[in-house]
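Enquirer:
Protein chains: 2
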Amino acid sequence: MIAEIISIGTELLLGQIVDTNAAYLSQQLSHLGISVYHRTTVGDNLERAVATVQQAHARADFVFLIGGLGPTMDDLTREIIAEVMEAPLQQDADAARQLEEHFSRRGYKMVESNYRQALVPTGGRPLPNANGTAPGVLIEKNGKAMIALPGPPNEFIPMFETQVVPYLELRIEGQRQVIRSRTLRIMGVGESSLEEMVKDLMQSANPSVAPYAKVGEVHLRVTAKAGSEAEADSLIAERTDQLYARLGTHIYGENETTLEAAVVTLLREKGLTVATAESCTGGLLSGRITSIPGSSEVFHTGLVTYANEAKINLLQIPRAVIAGVGAVSPEVAQAMAERVRELARADFGIGITGIAGPGGGTPEKPVGLVYIGLATKAGVSHSKNLYSGIRADVRYRATQTALEMLRQALRANG
Amino acid sequence: MIAEIISIGTELLLGQIVDTNAAYLSQQLSHLGISVYHRTTVGDNLERAVATVQQAHARADFVFLIGGLGPTMDDLTREIIAEVMEAPLQQDADAARQLEEHFSRRGYKMVESNYRQALVPTGGRPLPNANGTAPGVLIEKNGKAMIALPGPPNEFIPMFETQVVPYLELRIEGQRQVIRSRTLRIMGVGESSLEEMVKDLMQSANPSVAPYAKVGEVHLRVTAKAGSEAEADSLIAERTDQLYARLGTHIYGENETTLEAAVVTLLREKGLTVATAESCTGGLLSGRITSIPGSSEVFHTGLVTYANEAKINLLQIPRAVIAGVGAVSPEVAQAMAERVRELARADFGIGITGIAGPGGGTPEKPVGLVYIGLATKAGVSHSKNLYSGIRADVRYRATQTALEMLRQALRANG
Numbered sequence: 000m001i002a003e004i005i006s007i008g009t010e011l012l013l014g015q016i017v018d019t020n021a022a023y024l025s026q027q028l029s030h031l032g033i034s035v036y037h038r039t040t041v042g043d044n045l046e047r048a049v050a051t052v053q054q055a056h057a058r059a060d061f062v063f064l065i066g067g068l069g070p071t072m073d074d075l076t077r078e079i080i081a082e083v084m085e086a087p088l089q090q091d092a093d094a095a096r097q098l099e100e101h102f103s104r105r106g107y108k109m110v111e112s113n114y115r116q117a118l119v120p121t122g123g124r125p126l127p128n129a130n131g132t133a134p135g136v137l138i139e140k141n142g143k144a145m146i147a148l149p150g151p152p153n154e155f156i157p158m159f160e161t162q163v164v165p166y167l168e169l170r171i172e173g174q175r176q177v178i179r180s181r182t183l184r185i186m187g188v189g190e191s192s193l194e195e196m197v198k199d200l201m202q203s204a205n206p207s208v209a210p211y212a213k214v215g216e217v218h219l220r221v222t223a224k225a226g227s228e229a230e231a232d233s234l235i236a237e238r239t240d241q242l243y244a245r246l247g248t249h250i251y252g253e254n255e256t257t258l259e260a261a262v263v264t265l266l267r268e269k270g271l272t273v274a275t276a277e278s279c280t281g282g283l284l285s286g287r288i289t290s291i292p293g294s295s296e297v298f299h300t301g302l303v304t305y306a307n308e309a310k311i312n313l314l315q316i317p318r319a320v321i322a323g324v325g326a327v328s329p330e331v332a333q334a335m336a337e338r339v340r341e342l343a344r345a346d347f348g349i350g351i352t353g354i355a356g357p358g359g360g361t362p363e364k365p366v367g368l369v370y371i372g373l374a375t376k377a378g379v380s381h382s383k384n385l386y387s388g389i390r391a392d393v394r395y396r397a398t399q400t401a402l403e404m405l406r407q408a409l410r411a412n413g
Numbered sequence: 000m001i002a003e004i005i006s007i008g009t010e011l012l013l014g015q016i017v018d019t020n021a022a023y024l025s026q027q028l029s030h031l032g033i034s035v036y037h038r039t040t041v042g043d044n045l046e047r048a049v050a051t052v053q054q055a056h057a058r059a060d061f062v063f064l065i066g067g068l069g070p071t072m073d074d075l076t077r078e079i080i081a082e083v084m085e086a087p088l089q090q091d092a093d094a095a096r097q098l099e100e101h102f103s104r105r106g107y108k109m110v111e112s113n114y115r116q117a118l119v120p121t122g123g124r125p126l127p128n129a130n131g132t133a134p135g136v137l138i139e140k141n142g143k144a145m146i147a148l149p150g151p152p153n154e155f156i157p158m159f160e161t162q163v164v165p166y167l168e169l170r171i172e173g174q175r176q177v178i179r180s181r182t183l184r185i186m187g188v189g190e191s192s193l194e195e196m197v198k199d200l201m202q203s204a205n206p207s208v209a210p211y212a213k214v215g216e217v218h219l220r221v222t223a224k225a226g227s228e229a230e231a232d233s234l235i236a237e238r239t240d241q242l243y244a245r246l247g248t249h250i251y252g253e254n255e256t257t258l259e260a261a262v263v264t265l266l267r268e269k270g271l272t273v274a275t276a277e278s279c280t281g282g283l284l285s286g287r288i289t290s291i292p293g294s295s296e297v298f299h300t301g302l303v304t305y306a307n308e309a310k311i312n313l314l315q316i317p318r319a320v321i322a323g324v325g326a327v328s329p330e331v332a333q334a335m336a337e338r339v340r341e342l343a344r345a346d347f348g349i350g351i352t353g354i355a356g357p358g359g360g361t362p363e364k365p366v367g368l369v370y371i372g373l374a375t376k377a378g379v380s381h382s383k384n385l386y387s388g389i390r391a392d393v394r395y396r397a398t399q400t401a402l403e404m405l406r407q408a409l410r411a412n413g
């Protein structure tokens, strides 16, 4: 079955917000085995929106409309559906009552324009909104459906998952063609070397293997199409086995597993802890580690020693060392790692010091230069890195390298 | 003039990546006064892509194609342009030479498929790519243009800015209609209360005023259309003056000014410093502060006391206090703020302790409960917050509240 996604909102066409809903919905539909061939964005203009929705309705089984369900005159989605489906709007008693309740619970007075949100095209039904005022709309006609969902992601996602997915599953039962995919996440190999290593496996169409370059890592996505989930999964498993054989420990995780999640899992499995001392990354490394639920088992202490005085006072790094070799140096990175490891009584210590830019660079120590120290019970080591990109990229890449150094140390520590 | 944007790539339709390029391009075109009425995404399918591009070409002056310029057989953008513009592909000598240089500089051997990237539709010209192998394409016919740009943002953005913007400026000279907008960023007022406060100003179409709810803040965008930038700006200025009069210090910044940037600016202006002690936010607050260039003037020290032991050892919070009232308590938040302020000899100290979830909640202390302490030379205060949302939302909202508490203290500290 074929779906088409139409995002409605002038703010999208002005580029004021990025359309993450459309990406999310695409992903969900692909999991359900529903193909999406076109995705369109139109503004809050009735004529153009109606023409776009008409075209989509003609070529797809399901048309999803995202946004434009608010109470104001700019919110045209209800009118668009009414026109394309030839289903005049009428007020839905249940929807009106839910709106009244929503407002009275919050102690707000409901104004006349809010009742616009209770309008539903004849023959359609409102989809209750647990997290906002805008009900969704679902309407079927001649075997084709149109589904309108509110734009705010915290309303859109729950409504889709709890109300639309069950509907779609019923509709596609029996004629399901499944698309499944699995992503391998890779550190320490550039995109071109990676392609060289697996080029022959990228030739086949089913399963397909496609590389995606990310900041500081590369992903390989293996996608298969088949009559059942089991069949698709077995096509994928065969191909990923080959990829694991070639790429080995460069693969740090799969699918949504972030590098910090992989590292926290390894630490938990081994019952080990890490402590961090950060300068140029300013807490981003500890922020990434603690983004993982359960990280409190493996991370207790982090220091952000952004100024030299902080390095001297909190970490007892000798003033003379900083004066001699500078704060951005292998010596200081290693000392930060060792001292925070001791201070926190942790198994691993990480120290990061560098020049994130845009200012502060010199010919000897340019913007992007970052030293990362790693202290273990066996001793201390460091890496010297020269990252390209803006301040945010340099900082993020430094946390990537630090996590990867820790991961490799954990793997070595059988 | 009218432009249309078409993003090409099955990975987009599968929802594997979010299309930030299309949003960026929309924004840039709007700044140039070029209207975008439709934006479409299609997969790597020649027939469907050609039909989509044909439709766009018929209704727009400029058609932008993003992606599909790589070396593989999946990369169809060159073929699509050739077909729609009736301009057969031929190898461009300059583009081929640049590719050869690119590969030899990196010590790579250029393989046959790479020469696909040197193909250009007859009558078009390649746009050199400073950051990758894929040249862009620009072709004009009968007063209409088609412009193809590579998908990776670090190639796409520089190519657009250095090569396409000058071309567009030449084309639109003399018939420019400018759309300008200015965004006011607001803390401490919910979206509905905000609408209530400025409802009458939201009625007019030019300038228009539109609210956007973000995580932990709300934005108001004022947009005006006029014959010149000056004219548009003066329409906007008149409206924003009214908004400032009503919303006062709730407006913390404009356009791309983040809350952390506003706070760092205020600290720098007043020559004051802040230190942080974070538990549930794990370094995200210091990470946000240090994301701002120049923050080293106002931020020297941060502590991530994730475990109770770290709170006791690093911050000397009495073990008995934690045992008595718990680590998630107003007492501990205030003590963290006071102790880190003293330890770092800073003007302000912030302490954050809470339950980010998904686990760890109790009926008395549910997930989302976060206490934030703020220590100043005048004493210490705290806020009690109950945030909704997933772990990442709770953590982010806590950093929003902390920054806003600091901002209000800085504003009070004339």
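Chains H and B, in that order, give the protein sequences. Okay, so the first sequence: first residue is 0 according to numbering that gives the first Met the number 0, each after it adds one. Okay, so the second sequence: first residue is 0 according to numbering that gives the first Met the number 0, each after it adds one. Glycine is no exception: its CB is placed at the ideal position from the N, C-alpha and C atoms. Predicted model, so just to flag it, every value in this text is computed and none were measured.
1. If we define contact as Cβ-Cβ less than 7 Å, is G14/H a contact residue for chain B?
2. Mind checking D91/B: buried by the 16 CB within 10 Å criterion, or exposed?
3. Can you pull the chain B residues whose beta carbon is under 9 Å from the beta carbon of R220/H, in chain order?
4. Can you find a C-beta in chain B that's less than 7 Å from the C-beta of P292/H?
5. Kindly indicate which residue of D73/H, R338/H, I371/H and L12/H has the alpha-carbon position closest to the one of K383/H.
6. Tell me, please, whether the CB atom of Y36/H is closer than 7 Å to any CB atom in chain B?
7. Leaving out five residues before and five after A95/H in sequence, what residues of the same chain have Cβ atoms less than 7 Å from its Cβ?
8. By Cβ distance below 7 Å, which residues in the same chain neighbour M84/H in space, the five residues on each side in sequence not counted?
9. Of the residues G323/H, N312/H and R340/H, which one's Cα is nearest the Cα of H301/H?
10. For A274/B, name the three-state secondary structure that DSSP assigns.
11. Tell me whether Y166/H sits in a helix, a strand or coil according to DSSP, three-state version.
12. Under 8 Å Cβ to Cβ from R406/H, same chain only, skipping five residues before and after it: list those, please.
13. As a quick exercise: from V177/B, A355/B and K310/B, pick the residue whose alpha carbon is nearest that of G336/B.
14. Under 7 Å Cβ to Cβ from S387/H, same chain only, skipping five residues before and after it: list those, please.
15. What number of angstroms, rounded off, separates the C-alpha of K224/B from the C-alpha of F155/B?
16. Kindly say whether V303/H, judged by its beta-carbon, lies nearer than 7 Å to any beta-carbon of chain B.
17. Quick check on L169/B: buried or exposed, where buried means 16 or more other Cβ atoms within 10 Å of its Cβ?
18. Only counting runs of 4 or more residues, tell me where the alpha helix (DSSP H) segments fall wholly within the segment 234 to 291 of chain H, in order along the chain.
19. Would you kindly report the start and end of the unbroken beta strand (DSSP E) that includes Q90/B?
20. Please give me, in chain order, every unbroken run of the beta strand (DSSP E) with length at least 3 that falls completely inside the segment 34 to 75 of chain B.
21. Taking its Cβ as the centre, do 16 or more other Cβ atoms sit within 10 Å of L385/H, making it buried, or is it exposed?
22. Buried or exposed, going by whether 16 or more other CB atoms sit within 10 Å of the CB of P357/H?
23. Would you identify the three-state DSSP class for N384/H, choosing helix, strand or coil?
24. Give a yes or no on whether 7 Å exceeds the smallest Cβ distance from G282/H to chain B.
25. Do V221/B and P206/B count as a contact pair if the criterion is CB distance below 7 Å?
26. From the DSSP output, read off the bridge partner residues of A377/H.
27. Excluding the five sequence neighbours on either side, which residues of its own chain have a C-beta within less than 6 Å of the C-beta of E82/B, listed in chain order?
28. For my contact list, A401/B and I351/B are in at a C-beta cut-off of 8 Å; report their separation, rounded to the angstrom.
29. For L167/H, does the count of other Cβ atoms within 10 angstroms reach 16, so buried, or fall short, so exposed?
30. Roughly how far, in whole angstroms, is the beta-carbon of Y305/H from the beta-carbon of H299/B, given that I think they are within contact range, below 8 Å?
31. Helix, strand or coil for K198/B per DSSP?
32. Confirm, please, whether the CB-CB distance from Q399/H to G215/H is below 7 Å.
33. What residues of chain B sit near I288/H, judged by a beta carbon separation below 8 Å?
34. Below 9 Å between beta carbons is the criterion; list the residues of the segment 365 to 396 of chain B that meet it against any residue of chain H, in chain order.
35. Let me know the secondary structure DSSP gives P152/B once reduced to three states.
36. Drop a sphere of 10 angstroms on the beta-carbon of N128/B, count the other beta-carbons inside from all chains shown, and report buried for 16 or more, exposed for fewer.
Expert: Quick answer:
1. In the first sequence, the residue the question calls residue 14/H occupies position 15. Yes, its Cβ sits closer than 7 Å to a Cβ of chain B.
2. To locate residue 91/B, count along the second sequence from 1; it is residue 92. That one is buried.
3. By 1-based counting over the first sequence, the position of residue 220/H is 221. Correct list: E10, L13 and Q15.
4. What you label residue 292/H is simply residue 293 of the first sequence in a count that begins at 1. Yes, P292/H counts as interfacial toward chain B.
5. Position 384 of the first sequence, counted from the first residue, corresponds to residue 383/H. The option with the nearest alpha carbon to K383/H is I371/H.
6. Here residue 36/H refers to the residue found at position 37 of the first sequence. At least one CB of chain B lies nearer than 7 Å to the CB of Y36/H.
7. Locating residue 95/H in the first sequence gives position 96, counting from the first residue. When the five nearest sequence neighbours on each side are left out, the beta carbons in the same chain lying within less than 7 Å of the beta carbon of A95/H are those of Y114 and A117, in order along the chain.
8. Reading the first sequence from its first residue, position 85 is the one you call residue 84/H. Around M84/H: P120, I138, K140 and M145.
9. Locating residue 301/H in the first sequence gives position 302, where the first residue counts as 1. One detail in the question is off: residue 301/H reads as Gly in this sequence, not His. For G301/H, the nearest C-alpha among the options comes from R340/H.
10. Within the second sequence, residue 274/B is the residue found at index 275, counting from 1. In the displayed model, A274/B falls within a strand according to three-state DSSP.
11. Here residue 166/H refers to the residue found at position 167 of the first sequence. DSSP places Y166/H in helix when its eight states are reduced to three.
12. As a first step, residue 406/H is located in the first sequence; it is residue number 407 there, counting from the start. Closer than 8 Å at Cβ, skipping near neighbours: M186, Y251, L258, A261, V262 and L265.
13. Sequence index remark: in the second sequence, residue 336/B carries index 337 (1-based). Looking at the sequence provided, one finds Ala at residue 336/B rather than Gly. Measuring from the Cα of A336/B, the nearest candidate turns out to be K310/B.
14. For this step, residue 387/H is matched to residue 388 along the first sequence. Taken in chain order, the residues that qualify are G367.
15. Position 225 of the second sequence, counted from the start, is the residue given in the question as residue 224/B. Position 156 of the second sequence, counted from the start, is the residue given in the question as residue 155/B. Rounded to the nearest angstrom, the two C-alpha atoms are 27 Å apart.
16. Taking the first sequence and counting its residues from 1, one reaches residue 303/H at position 304. V303/H counts as touching chain B.
17. Here residue 169/B corresponds to residue number 170 of the second sequence, with the count starting at 1. Classification of L169/B: exposed, given that the 10 Å Cβ count is below 16.
18. The qualifying runs are 258 to 269 and 283 to 289.
19. The residue given as residue 90/B occupies position 91 in the second sequence. Here the beta strand (DSSP E) through Q90/B covers L88 to Q90.
20. 34 to 41 and 61 to 65
21. Along the first sequence, read from residue 1 onward, the residue named residue 385/H stands at position 386. Under this definition L385/H is an exposed residue.
22. Counting from 1 along the first sequence, the entry for residue 357/H is found at position 358. P357/H is exposed by the Cβ-count criterion.
23. Position 385 of the first sequence, counted from the start, is the residue given in the question as residue 384/H. In this structure, N384/H counts as strand in the three-state DSSP scheme.
24. Position 283 of the first sequence holds residue 282/H. A Cβ of chain B is located within less than 7 Å of the beta carbon of G282/H.
25. What you label residue 206/B is simply residue 207 of the second sequence in a count that begins at 1. What you label residue 221/B is simply residue 222 of the second sequence in a count that begins at 1. Against a cut-off of 7 Å, the Cβ pair of V221/B and P206/B comes out as a contact.
26. If you number the first sequence from 1, residue 377/H lands on position 378. According to DSSP, which records beta bridges pairwise, A377/H is partnered with nothing at all.
27. For the purposes of this step, residue 82/B is taken as residue 83 along the second sequence, with counting starting at 1. Contacts found: V49.
28. As a position in the second sequence, residue 401/B is number 402, starting the count at 1. As a position in the second sequence, residue 351/B is number 352, starting the count at 1. At roughly 6 Å, the Cβ-Cβ gap stays under 8 Å, so A401/B and I351/B are in contact.
29. As a first step, residue 167/H is located in the first sequence; it is residue number 168 there, counting from the start. With 16 or more other Cβ atoms from the protein chains shown falling within 10 Å of its own Cβ, L167/H counts as buried.
30. If you number the first sequence from 1, residue 305/H lands on position 306. If you number the second sequence from 1, residue 299/B lands on position 300. Sure, about 5 Å apart at Cβ, within 8 Å.
31. As a working note, residue 198/B is residue 199 in the second sequence. Helix, per DSSP.
32. Translated into the one-based positions of the first sequence, residue 215/H becomes position 216. Translated into the one-based positions of the first sequence, residue 399/H becomes position 400. Yes. Within cutoff.
33. Walking along the first sequence from the start, residue 288/H turns up at place 289. Near I288/H (Cβ distances below 8 Å), the residues of chain B are G281.
34. S387, G388, R390, A391, D392 and R394
35. Looking up residue 152/B in the second sequence gives position 153. P152/B: helix per DSSP, three-state reduction.
36. For the purposes of this step, residue 128/B is identified with residue 129 of the second sequence, where counting begins at 1. Counting Cβ neighbours within 10 Å, N128/B comes out buried, since at least 16 surround it.
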